[in-house]
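For the sequence shown, position 158 (counting from the first letter as 1) is numbered 191 according to my numbering, and the numbering increases by one without interruption.
Ideal Cβ positions, reconstructed from N, Cα and C, are used throughout, including at glycine.
Values in this document were obtained by computation on a predicted structure and should not be read as measured data.
Structure first, commentary second.
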Amino acid sequence: MNCRSCGFSNTPGSRFCSSCGTLLPRTCDSCESPLVAGARFCANCGTPVVSDTQGRPSAAIRADVPFAHPFLYIKARSLVLWTVLSVPVLIILYVLAAASATAGEEIDPFFESLIFSSWLYGLLALWCIWKSAQKRVDFGLLIGRIPAGYHWLPVLGVVALLMVFSISTFWLFLYWLAVNFPDAADFFAEGEFFVTSESSRYSGLYNTQVFIMAVFVAPVIEEFVFRGILLTRWSLKWGTTSGIFVSSLVFALLHADLLGSFAFGVAMSLLYLQTRTLLVPMMAHALNNLVVAELSVLVLAIETGESASLAADLESGLMLAVVGALLMLPLVLWYFVRNWPRGGETVPYLAREPSTSQE
């Protein structure tokens, strides 16, 4: 290790420079990356760090011993395997629902929505619980606590910013799709957040179930999966920046609004890094979905009928969407640049001491 003061090349593991006596920064024994003061694991390779009697990072032990970082062994691809293996369960549930429906009628939208959302979020929740328990993940460290005196007003501003950006960009995307690929645009646009009694015999139950899933269930499970598990895993594997981008991309692929959802995923990742707790992005996510639900109720109330085409419907608000996208894009980029992790900053699980020891 080269001394920053005199440039002398010291032997690995030295505490002080052999030439000038300067205190040398601690490095990981596995990858020789600098260790952050108070870190429990190396932010670069995930090797556990043993602290000395004064709480400073000491030598790092090898990653192949039992006391290793749990996220070294949580493989994201196992979620894909879980999904594939659970598809037969989804099919069986749909077959049972179809068999119980009145002859000649399709499955009521309420049962379709209930089956799919229960399968999806049940799958994600079970995978998280199983992998976390199997690898002894410290839930207290992963979830964290809301900082004392935390100011929520900036969070409201971020949610509003992302909301306008998302609506504007999706409007433009849908208009382009309606002009060039009308059938594909109709597929994206036909989904309804809330329904009336004309669409479902159980419209009240449908709307209640969708509201609960969107505002309470989805924010908790999605933030735990994408920001808690996947962001931490991929930050350990590829670095914080790559972890943010890849986890946000996967998050976006599960939503119709790709660009807006990607930006939302990045923003929630930055909130997690900034606050060191999943609770803040969970609440921001819930607020975002609550606003979407309220807007859906408004749209349902003022909807008067069908026009000649979807493109004609979208064209009336096209200019507003263009202005919204052009105004919001610089602000979104400014927020990202201003809050992007710098230096050795990483996800909470790589930077703080767990509340319980791993054995």
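Where does Pro142 fall in DSSP's three states?
-> Residue mapping note: residue 142 aligns to position 109 of the sequence shown, counting from 1. Helix at Pro142.
Where Leu159 falls, given that 16 or more other Cβ within 10 Å makes a residue buried = The residue labelled residue 159 in the question sits at position 126 within the sequence shown. When all chains shown are included, Leu159 counts as exposed.
For Phe257, collect the residues of the same chain with a Cβ closer than 7 Å to its Cβ; drop the 5 residues on either side in sequence, then sort them by chain order.
-> Numbered from its first residue, the sequence shown carries residue 257 at position 224. The answer, listed in chain order, is Cys161 and Leu311.
Where DSSP assigns a beta bridge to Phe60, which residues make up the other side?
-> Looking up residue 60 in the sequence shown gives position 27. What sits at residue 60 in the sequence shown is Thr, not Phe. Paired residues: Pro67.
Using DSSP with H/G/I as helix, E/B as strand and the rest coil, what is Asn77?
-> Residue numbering aside, residue 77 sits at position 44 when the sequence shown is read from its first letter. Correct three-state label for Asn77: coil.
Once you ignore the five residues that flank Ala181 on each side, which residues in its own chain have a CB closer than 6 Å to its CB?
-> Within the sequence shown, the letter at position 148 stands for residue 181. None.
Would DSSP call Ser25 helix, strand or coil?
-> As displayed, the chain neither begins before 34 nor continues past 392, which places residue 25 out of reach and without an answer.
Endpoints, the alpha helix (DSSP H) within which Leu304 is located | Indexing the sequence shown from 1 puts residue 304 at position 271. Unbroken alpha helix (DSSP H) run through Leu304: Leu291 to Thr308.
State the Cα-Cα distance for the pair Ala132 and Leu153, rounded to the nearest angstrom.
-> The residue you call residue 132 lines up with position 99 of the sequence shown. The residue you call residue 153 lines up with position 120 of the sequence shown. About 22 Å.
What is the DSSP secondary structure of Ser456, counted as helix, strand or coil?
-> Past the edges of the chain, shown from 34 to 392, lies residue 456, and the structure says nothing about it.
Have a look at Ile125 and Ile148 and give me their C-alpha separation to the nearest angstrom.
-> Here residue 125 refers to the residue found at position 92 when the sequence shown is read from its first residue. Here residue 148 refers to the residue found at position 115 when the sequence shown is read from its first residue. For Ile125 and Ile148, the distance between alpha carbons rounds to 10 Å.
Determine the closest residue to Trp373 out of Ala344, Thr273 and Tyr382, with distance taken between C-alpha atoms.
-> Numbered from 1 along the sequence shown, position 340 holds the residue referred to as residue 373. For Trp373, the closest C-alpha among the options Ala344, Thr273 and Tyr382 is that of Thr273.
Any idea if Arg59 is buried or exposed, counting beta-carbon neighbours within 10 angstroms, 16 or more meaning buried?
-> By 1-based counting over the sequence shown, the position of residue 59 is 26. Classification of Arg59: buried, given that the 10 Å Cβ count is 16 or more.
Val380 (DSSP reduced to helix, strand or coil) = Position 347 of the sequence shown holds residue 380. The answer is coil: DSSP assigns Val380 none of H, G, I, E or B.
Which whole-angstrom value is the C-beta distance of Leu129 and Leu269, which I expect to be below 8 Å?
-> Along the sequence shown, one-based indexing puts residue 129 at 96. Along the sequence shown, one-based indexing puts residue 269 at 236. Not really, about 41 Å apart at Cβ, beyond 8 Å.
Phe203 versus Trp209 - alpha carbon distance = For the purposes of this step, residue 203 is taken as residue 170 along the sequence shown, with counting starting at 1. For the purposes of this step, residue 209 is taken as residue 176 along the sequence shown, with counting starting at 1. So the two alpha carbons sit approximately 10 Å from each other.
Rounded to whole angstroms, what's the CA-CA distance from Tyr235 to Met246? Just pull it up for me.
-> Translated into the one-based positions of the sequence shown, residue 235 becomes position 202. Translated into the one-based positions of the sequence shown, residue 246 becomes position 213. Approximately 16 Å between the Cα atoms of the pair.
At 3 residues or longer, and completely inside the stretch 158 to 244: list those beta strand (DSSP E) runs for me, N to C.
-> none
Quick one: measure Cβ to Cβ for Pro142 and Ser233, integer angstroms, because I've assumed they're closer than 8 Å.
-> Here residue 142 refers to the residue found at position 109 of the sequence shown. Here residue 233 refers to the residue found at position 200 of the sequence shown. At roughly 4 Å, the Cβ-Cβ gap stays under 8 Å, so Pro142 and Ser233 are in contact.
Alpha carbon to alpha carbon, what distance is there between Gln307 and Leu157?
-> Here the question's residue 157 lines up with position 124 in the sequence shown. Here the question's residue 307 lines up with position 274 in the sequence shown. Taking the straight line joining both Cα atoms gives about 25 Å.
Cβ shell of Leu264 (< 8 Å), same chain only, five flanking positions each side left out | As a position in the sequence shown, residue 264 is number 231, starting the count at 1. The answer, listed in chain order, is Gly276, Ile277, Ser280, Ser302, Tyr305 and Val380.
From Lys108 to Pro215, what does the alpha carbon distance come to, in whole angstroms?
-> If you number the sequence shown from 1, residue 108 lands on position 75. If you number the sequence shown from 1, residue 215 lands on position 182. Cα-Cα distance, rounded: 39 Å.
Would you kindly report the start and end of the unbroken alpha helix (DSSP H) that includes Leu129?
-> For the purposes of this step, residue 129 is taken as residue 96 along the sequence shown, with counting starting at 1. Taken as a continuous stretch (DSSP letters only), the alpha helix (DSSP H) holding Leu129 covers Arg110 to Ser133.
Alpha carbon to alpha carbon, how far is Val191 from Gly40?
-> Reading the sequence shown from its first residue, position 158 is the one you call residue 191. Reading the sequence shown from its first residue, position 7 is the one you call residue 40. Taking the straight line joining both Cα atoms gives about 45 Å.
Residues near Ala134 in its chain [Cβ-Cβ closer than 6 Å; skip 5 each side] = Working through the sequence shown from its first residue, we reach residue 134 at position 101. Contacts found: Ile140.
Ordered along the chain, which non-local residues of its own chain (more than five positions away) have a Cβ less than 6 Å from that of Gly261?
-> As a working mapping, residue 261 is identified with position 228 in the sequence shown. Here the set comprises Leu175 and Leu311.
Can you grab the Cα-Cα spacing for the pair Ala217 / Leu207, in whole Å?
-> For this step, residue 217 is matched to residue 184 along the sequence shown. For this step, residue 207 is matched to residue 174 along the sequence shown. Taking the straight line from one Cα to the other gives about 9 Å.
With Ile262 as the anchor, note down where its alpha helix (DSSP H) starts and where it stops.
-> Here the question's residue 262 lines up with position 229 in the sequence shown. Taken as a continuous stretch (DSSP letters only), Ile262 belongs to no alpha helix (DSSP H), as it is neither H nor E.
So, is Glu255 buried or exposed, given that buried needs 16 or more other C-beta atoms within 10 angstroms?
-> Translated into the one-based positions of the sequence shown, residue 255 becomes position 222. By the neighbour-count rule (16 or more Cβ atoms within 10 Å), Glu255 is buried.
Under the three-state DSSP convention, the category Arg371 falls into | For the purposes of this step, residue 371 is taken as residue 338 along the sequence shown, with counting starting at 1. It is helical.
With DSSP run on the structure shown, which of helix, strand or coil describes His318?
-> By one-based count along the sequence shown, residue 318 stands at place 285. Correct three-state label for His318: helix.
Measure from the alpha carbon of Lys168 to the alpha carbon of each residue in Val122, Arg266 and Leu238, then state which is nearest.
-> Your numbering for residue 168 matches position 135 in the sequence shown. The residue with the shortest Cα to Cα distance from Lys168 is Arg266.
Please state whether DSSP places Leu287 in a helix, a strand or coil.
-> As a position in the sequence shown, residue 287 is number 254, starting the count at 1. It is coil, neither helix nor strand.
Write down the C-beta distance between Val188 and Ala326 rounded to the nearest angstrom, noting that I regard them as a contact closer than 8 Å.
-> For the purposes of this step, residue 188 is taken as the residue at position 155 of the sequence shown. For the purposes of this step, residue 326 is taken as the residue at position 293 of the sequence shown. Contact flag wrong, Cβ pair sits at about 18 Å.
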